[in-house]
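According to my numbering, the stretch in the sequence shown is residues 134 to 472, in order.
Note that CB positions come from ideal geometry on N, CA and C, so glycine has one too.
Working notes for the structure below.
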Amino acid sequence: MKIDIPVSQPYRVDIAPGLLDDLGRYVSSGTAALVVTEEHVAPLLLERACRALRAAGVRAVPAVLPAGEETKSLVQYATLLHKLAEAGLTRADTVVALGGGVIGDLAGFAAATWLRGIRLVQVPTTLLAMVDSSVGGKTAIDLPEGKNLVGAFHQPAAVVCDPQLLDTLPPAILRDGCAEALKTAVLFDPDLFSHLAARGTDFDRMTVLPRCVACKRDAVCADEFDRGTRQLLNLGHTAGHAIEALSGYRIAHGHAVAIGLAIMARAFCRDAAEIEAALIKLGLPTRTEFPPERLAQAALADKKRAGERITLVIPRAIGDCVLREVPVDTLADIFERGM
Ligand code: GLY
């Protein structure tokens with residue numbers, strides 16, 4: 134299945150089982166590729182990816198980084214730049230991001246900035262990356278002061294989505310991606326919501342992946358540079374990012390977004406009970422111990438703040454969500470309403 138993403142630099146998301154072994158199709162013969170991955174993915178998939186590239190006449194150079202959110206750092210970004218220099222990658226060459234959201238964001242930012250931008254091929258290995266972060270061109274690293282504070286828009290040349298890679302995922306990481314898939318469903322697709330609510334983690338991959346990518350395509354094409362309606366994709370993320378940060382990133386992104394989504398649903402949504410039930414069916418949390426004032430304080434350090442106002446995504450019903458600017462001093466009350 135192929136989904137075209139007609140943004141300023143158009144590309145395609147290919148979704149098919151076994152696609153990893155065809156990775157060579159996405160990189161020109163006679164060029165080089167830095168294959169960026171992390172220590173948990175490397176033993177499972179790195180050799181396969183490099184073999185597919187070499188079979189197509191590509192010089193594949195592996196770069197294996199530590200796993201986890203801490204890797205989206207200035208230090209690991211510098212490590213990648215030195216690898217790119219050592220490997221002698223030119224503007225004809227490619228960075229391949231083989232991993233989840235952390236690797237996609239970091240390798241993407243290195244690709245966006247090395248020589249002022251070289252080709253990037255996203256090969257998402259987690260559900261979260263397949264349904265959200267590999268599509269749309271957002272790349273970033275974190276600072277100690279906050280998540281995704283340094284970044285660039287850099288659309289990939291292709292997204293190679295192989296659903297079989299989900300077989301290698303630990304259940305908690307699969308559930309993490311389910312939170313982003315359910316968020317997409319609440320925003321845009323009531324049928325997808327019903328499918329996820331009924332099937333839980335036993336969802337049909339060739340239904341859920343294309344539907345999520347199609348929703349993401351529409352959101353990104355309507356507002357490529359995130360100045361307006363693309364911000365709908367932040368549903369659940371204001372509280373979610375705060376929970377992630379307050380937990381010292383021990384609560385993973387998707388799990389934190391699940392709690393953020395539940396808070397916003399209980400505060401505003403007439404379908405809150407259905408959303409909460411679907412999150413529970415997917416094995417996701419819906420509550421946090423952090424008090425609303427601390428959540429609000431952490432959320433206000435987030436880049437979504439604009440002066441004394443912050444833009445929230447309000448879920449009125451499944452398939453009916455809107456952006457609303459609210460004064461920052463109302464945030465703790467809003468969170469409290471949803472706790
Ligand atoms: N993950 C949200 C976005 O791409 O805008």
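Is it buried or exposed, residue i, if we count other Cβ atoms within 10 angstroms and call 16 or more buried?
i           : result
residue 277 : exposed
residue 135 : exposed
residue 214 : exposed
residue 232 : buried
residue 266 : buried
residue 362 : exposed
residue 422 : exposed
residue 253 : buried
residue 431 : buried
residue 260 : buried
residue 358 : exposed
residue 227 : buried
residue 463 : exposed
residue 157 : buried
residue 428 : buried
residue 304 : exposed
Between the Cα of residue i and those of the options, spot the shortest distance and give me the residue it belongs to.
i           : options               : result
residue 296 : 256, 462, 248 and 413 : 256
residue 198 : 262, 190, 182 and 173 : 173
residue 331 : 374, 416 and 193      : 416
residue 397 : 365, 165, 200 and 385 : 365
residue 141 : 355, 431 and 208      : 355
residue 148 : 426, 428 and 339      : 339
residue 203 : 151, 183 and 280      : 280
residue 164 : 251, 208, 137 and 179 : 251
residue 249 : 262, 223, 377 and 312 : 223
residue 403 : 143, 451 and 353      : 451
residue 351 : 234, 236 and 269      : 269
residue 373 : 309, 159, 208 and 262 : 309
residue 460 : 471, 449, 440 and 468 : 440
residue 335 : 467, 218 and 414      : 414
residue 221 : 234, 247 and 472      : 247
residue 419 : 236, 426, 387 and 467 : 387
Shorter than 7 Å, the distance from the beta carbon of residue i to the closest heavy atom of ligand 1, or not?
i           : result
residue 266 : yes
residue 271 : yes
residue 359 : yes
residue 363 : yes
residue 315 : no
residue 260 : no
residue 179 : no
residue 366 : yes
Ignore the nearest five residues each way along the sequence and tell me which others in residue i's own chain have a CB closer than 7 Å to its CB.
i           : result
residue 272 : 238, 241, 242, 245, 284, 285 and 287
residue 344 : 322 and 325
residue 193 : 166, 168, 183, 186 and 187
residue 316 : 368, 369, 390 and 394
Go through its chain and collect everything with a Cβ distance to residue i's Cβ below 8 Å, but skip five positions before and after it.
i           : result
residue 175 : 195 and 197
residue 181 : 153 and 154
residue 145 : 135, 136, 137, 138, 291 and 292
residue 178 : 153, 170, 231, 258, 298 and 301
residue 433 : 443, 461 and 464
residue 378 : 279, 280, 431 and 434
residue 382 : 201, 202 and 203
residue 162 : 189, 190 and 191
At a threshold of 7 Å, does residue i count as lining ligand 3 (C-beta to nearest heavy atom)?
i           : result
residue 417 : Ligand 3 is absent from the structure shown, which contains only ligand 1.
In its own chain, which residues sit with a C-beta less than 6 Å from the C-beta of residue i, not counting the 5 before and 5 after it?
i           : result
residue 424 : none
residue 282 : 276
residue 447 : 401, 455 and 457
residue 333 : 414 and 415
residue 312 : 387, 390, 391 and 417
residue 306 : 259
* To do: Pick out the complete alpha helix (DSSP H) segments inside the segment 319-355, 4 residues or longer, and give them in chain order.
  => For the segment 319-355, whole alpha helix (DSSP H) runs of length 4 or above, ordered along the chain, are 323-332 and 338-355.
* To do: Let me know the beta strand (DSSP E) ranges lying completely inside the segment 142-186, each 3 residues or longer, listed in chain order.
  => List check, beta strand (DSSP E) in window: 144-148 and 165-171.
* Kindly provide the ranges of any beta strand (DSSP E) runs that are 3 or more residues long and lie completely inside the segment 217-301, ordered along the chain. => Along the segment 217-301, the beta strand (DSSP E) occurs as fully enclosed runs of 3 or more residues at 227-232, 252-257, 271-276, 279-286 and 291-294, listed in sequence order.
* Which full runs of the alpha helix (DSSP H) of 4+ residues lie inside the segment 380-463, going along the chain? -> Restricted to the segment 380-463, the alpha helix (DSSP H) segments that are unbroken, complete and at least 4 residues in length are 386-401, 405-414 and 425-433, listed in chain order.
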